[in-house]
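With the sequence shown counted from 1, adding 469 to any position gets you the numbering used here. Everything below concerns the one structure shown next.
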Amino acid sequence: MHTNSNRDCLGAMLAKKYKKPHVWHLREFGREDYDLRYLMPNYIHFMNTTTDYFVAISDAVKRAWVDKGLKEERIYRIYDGITLPQAETIQKADAFHNRGNKNTLHIAYLGIVCPSKGQLDATKALSYLDLNIVQNIKLDFWGDYKCLPEFTHAINAFAEKHGYPEAISFKGFTDNIWNELPKYDAAMVCSRSEAFGRITPEYMSLGLQVIASDSGANPELIEDGVSGYIYKQADLKDLAEKIKQVYIQNTTDWKKISNNAKLRVEIFSDTNHAKNMYSFYRRIVH
Numbered sequence: 470m471h472t473n474s475n476r477d478c479l480g481a482m483l484a485k486k487y488k489k490p491h492v493w494h495l496r497e498f499g500r501e502d503y504d505l506r507y508l509m510p511n512y513i514h515f516m517n518t519t520t521d522y523f524v525a526i527s528d529a530v531k532r533a534w535v536d537k538g539l540k541e542e543r544i545y546r547i548y549d550g551i552t553l554p555q556a557e558t559i560q561k562a563d564a565f566h567n568r569g570n571k572n573t574l575h576i577a578y579l580g581i582v583c584p585s586k587g588q589l590d591a592t593k594a595l596s597y598l599d600l601n602i603v604q605n606i607k608l609d610f611w612g613d614y615k616c617l618p619e620f621t622h623a624i625n626a627f628a629e630k631h632g633y634p635e636a637i638s639f640k641g642f643t644d645n646i647w648n649e650l651p652k653y654d655a656a657m658v659c660s661r662s663e664a665f666g667r668i669t670p671e672y673m674s675l676g677l678q679v680i681a682s683d684s685g686a687n688p689e690l691i692e693d694g695v696s697g698y699i700y701k702q703a704d705l706k707d708l709a710e711k712i713k714q715v716y717i718q719n720t721t722d723w724k725k726i727s728n729n730a731k732l733r734v735e736i737f738s739d740t741n742h743a744k745n746m747y748s749f750y751r752r753i754v755h
């Protein structure tokens with residue numbers, strides 16, 4: 470039996486009833502990222518006593534569940550995987566990055582617009598930059614921005630109050646983001662706690678300059694200053710410095726970071742993930 474979500478205990482119950490080996494996939498923190506609380510009063514004991522092995526999608530997730538009480542020796546870390554973009558999409562991104570006029574820094578930010586995803590932090594960080602820099606930044610939020618209208622309003626109000634409403638834009642939902650991402654130079658991940666964050670390696674696969682917080686699994690995906698940039702979570706001045714660093718970066722350093730990101734992301738490909746899962750099952754079966 471393989472339970473593919475730590476929210477669902479049906480697989481564990483069936484494995485216990487029919488005396489089958491059970492693997493439980495840990496794909497999120499729970500309370501730290503989605504503010505989830507389990508209705509089962511002693512759920513850690515239940516998980517430990519019904520499960521032979523756990524698979525955590527990052528070291529950060531593994532540490533969090535060990536802290537909750539799961540048995541560490543039963544937890545294997547196997548990174549999630551992403552489908553790498555087509556060569557044509559990568560070529561479009563390269564052409565955009567190599568364009569002659571790069572006065573404007575185009576930054577993509579993907580995810581549902583809500584407090585835990587950090588869009589307000591990204592907007593506030595711009596206030597720590599000189600206006601002559603902010604005037605040359607375009608920060609686009611992709612994803613549902615209508616589910617929490619008061620939060621979207623707070624973002625717009627902050628940008629308006631500080632004199633750069635044109636710097637941010639809400640693009641809404643698209644079912645083909647690969648058509649849009651090649652039009653960006655950089656990307657941001659300000660989430661308070663990403664269990665893995667597949668969008669981060671997706672950004673990296675196109676050579677975008679990714680700025681991410683030091684929370685969750687972000688530091689496992691990005692090597693700070695090598696394949697992207699890591700800032701201290703909730704330190705908006707540090708985030709602003711990283712944005713400025715990307716903005717003023719010379720061509721040589723830009724290409725180095727971009728190429729390193731593309732190489733780094735091979736670790737997180739869906740092909741590599743499938744191989745690791747297959748090896749895991751061969752190991753535990755024998």
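From the three backbone atoms N, C-alpha and C, an ideal C-beta is built for every residue, glycine too.
Compare the Cα-Cα distances from residue i to each of the options and report the closest residue.
i	options	result
Phe639	Ile624, Pro618, Asp609, Asn648	Asp609
Asn741	Glu671, Val524, Asn572, Thr552	Thr552
Lys731	Lys531, Cys583, Ile691, Gly632	Ile691
Gln678	Ala656, Glu671, Arg661	Ala656
Val734	Asn511, Asp549, Trp493, Lys531	Asp549
Val754	Thr621, Ile606, Glu671, His491	His491
Cys659	Glu689, Asn473, Ala591, Lys531	Ala591
Ser662	Gly499, Lys630, Asp563, Trp611	Gly499
Glu619	Pro584, Asn605, Lys607, Gln604	Pro584
Gly697	Gly685, Leu705, Ser674	Ser674
Thr720	Lys531, Asn567, Phe523, Tyr578	Asn567
Ala709	Lys607, Gln718, Ser596	Ser596
Gln555	Leu479, Trp647, Asp739	Trp647
Thr520	Leu508, Lys486, Ile526	Lys486
Ile717	Glu629, Ala703, Leu598, Ser682	Leu598
His471	Trp493, Arg532, Lys571	Trp493
Arg667	Gly676, Phe627, Asp683, Asp739	Asp739
Lys586	Ser684, Phe565, Ala743, His631	Ser684
Excluding sequence positions up to five away, which residues of its chain have a Cβ less than 7 Å from the Cβ of residue i?
i	result
Met746	Ile547
Tyr503	Glu497
Val695	Asn729
Pro670	Ile551, Leu690, Val734, Phe737
Phe565	Pro651, Lys652
Mind reading off the beta-carbon distance from residue i to residue j? Whole number of angstroms is fine, and I expect it under 8 Å.
i	j	result
Asn645	Pro634	28 Å between Cβ atoms; not a contact.
His575	Tyr653	5 Å
Ser527	Ala686	4 Å
Ala562	Leu650	7 Å
Ala628	Ile637	5 Å
Quick check: the Cα distance between residue i and residue j, rounded to an integer number of angstroms?
i	j	result
Asn601	Ala529	38 Å
Gly538	Ile513	6 Å
Trp723	Leu483	52 Å
Ala594	Thr558	30 Å
Asn511	Leu505	15 Å
Lys711	Val603	13 Å
Glu501	Gly569	43 Å
Asp536	Arg543	14 Å
Ile726	Phe665	21 Å
Val715	Ile680	9 Å
Ser682	Asp693	10 Å
Lys713	Leu589	18 Å
Lys540	Tyr672	34 Å
Gln560	Gly676	10 Å
Lys615	Tyr578	16 Å
Please go through the same chain and pick out, in chain order, the residues whose beta-carbon is closer than 6 Å to the beta-carbon of residue i, but skip the five residues on each side of it.
i	result
Thr518	none
Trp534	Leu495
Asp707	Tyr700, Lys701
Arg476	none
Tell me which same chain residues have a C-beta within less than 8 Å of the C-beta of residue i, skipping the five on either side of it?
i	result
Tyr507	Gly499
Phe772	The chain is shown from 470 up to 755; residue 772 falls before or after that span and cannot be answered.
Asp613	Ile581, Val582, Gly641, Phe642
Tyr545	Tyr522, Phe523, Val524, Ala525, Phe749
Asn605	Asn572, Thr573, Leu574, Tyr716
His631	Leu595, Ser596
- Message: Which runs of the beta strand (DSSP E) at least 3 residues long sit entirely within the stretch 574-601? Give them in chain order.
- Response: 574-579
- Item | Segments assigned beta strand (DSSP E), at least 3 residues, entirely inside the stretch 632-680 | 637-641, 655-658
- Uninterrupted alpha helix (DSSP H) stretches inside the stretch 502-588 (no shorter than 4 residues): 512-519, 528-537, 556-566
- Task: Would you list, in sequence order, the uninterrupted alpha helix (DSSP H) runs of no fewer than 4 residues that lie entirely inside the stretch 673-720?
- Result: 687-690, 705-717
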